[in-house]
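Its first residue numbered 1, the sequence shown is counted upward by one per residue in the working numbering. For glycine and all other residues, C-beta sits at the position ideal for the given N, C-alpha and C. A quick write-up on the structure given underneath.
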Amino acid sequence: MIEFITLQKEGITDFAKERNELLKKVESDWVFFVDSDEVISPVLRQEINQAVSNSTNGYYVTRRDFLFGKELKHGEFSRAGWFGNAKILRLGRKNAGKWKRSVHEYWDIKGKVGTLKNPLFHYPHPDLRSFIKNINYFSTLHANELLKEGKKSSPAKIVIWPVGKFVYNFIFRLGFLDGMVGFVVALMMSFHSFLSWSKEWQLQKYE
C-alpha cells in the first residue's frame, strides 16, 4: 500500500516539521510526497506502484520544471549540462527516515535508495508576480535557517554571492540556452541570494 500526500506550501515556516507531522499520520507502508505545484503523470504513478514491491527504502525522482509555459532544461533547475540531473527524494517507506532542515528540506532515508525513471512535473510560478512573492517568502525562511546553522552574513556575501550565483546559473549551468526565461530565472535566484544574506545580516544586527 502507498499513500500520496500533497503539501500545501502557503504559510509554512518549517517544512521539515510539517512533512514529519504528515508522515506520522500515514497509515500505509509507503508514502509519496507531492507539492501543490507538482503533477504526477500516469506513467510515473504506475512506476511508483510497481517500485514499492521490492526491498528498497526510498526513491529519488527527477523533476522537470516549467516556467511561463517553457520547460527549463538548464540553469538553476538544470536536468542537463555539466552538473548532471537534479533529483529529489520523494518516495519512501514510512519509517525509513525523517525530513530535515526548515527550508530547502530533504528526506534523510536510511538504507538502500533507488531512482525512478519517469519525471515529476513542476509548475512553480504562473507569473512573475508570484515568482517575486515566493522569492521574498523563501528568502526570509532561508535567512533564519542560515542564522540557525551559524553561517554569518557580511557585506561581501551580500554582494559577491548574488553575482556569483547569477554567473554560475546563467553561464556555467547554461541558463542562457533557455533564452529570456533562463535570464529571468538566473536574475531572480540571484535576487533570492541577495535577500537571504541581507535579511540574515539584519537579524544578526538588530534582533
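- Under DSSP, the beta-bridge partners assigned to Y60 are L89 and T115.
- L7: member of the beta strand (DSSP E) spanning I2 to L7, first to last residue.
- Restricting attention to Q202, F32, S36 and H74, the CA atom closest to the CA of L146 is found in Q202.
- Non-local C-beta neighbours of Y60 in its own chain, meaning closer than 6 Å and more than five positions away in sequence, comprise K87, L89 and T115, ordered along the chain.
- Distance between G69 and H142, taken at the CA atoms: about 27 Å.
- Between the region 150-158 and the region 43-51, the count of C-beta pairs closer than 8 Å stays below three; the two stretches do not touch.
- The C-alpha of L128 is placed about 20 Å away from the C-alpha of S78.
- Per DSSP, L120 is one residue of the beta strand (DSSP E) stretching across L120 to H122.
- Burial check for V39: the Cβ neighbour count within 10 Å stays below 16, so the residue is exposed.
- Residues S102, V103 and E105 of the same chain have their beta carbon placed closer than 7 Å to that of F15, with the five preceding and five following residues left out of the count.
- Only exposed fits D29, as fewer than 16 other CB atoms lie within 10 angstroms of its CB.
- Assignment of I109 by DSSP, reduced to helix, strand and coil, places it in the strand class.
- Where V34 is concerned, the enclosing beta strand (DSSP E) starts and stops at W30 to D35.
- Distance from the CA atom of F191 to the CA atom of H74, rounded to whole angstroms, is 18 Å.
- With contacts defined by Cβ atoms closer than 8 Å, L7 and S36 form a contacting pair.
- For the 8 Å CB-CB criterion, W197 and S153 form a contact.
- Cβ-Cβ separation between R64 and F121: approximately 6 Å, consistent with a contact (criterion under 8 Å).
- In the three-state DSSP reduction, F66 falls in the strand class (E or B).
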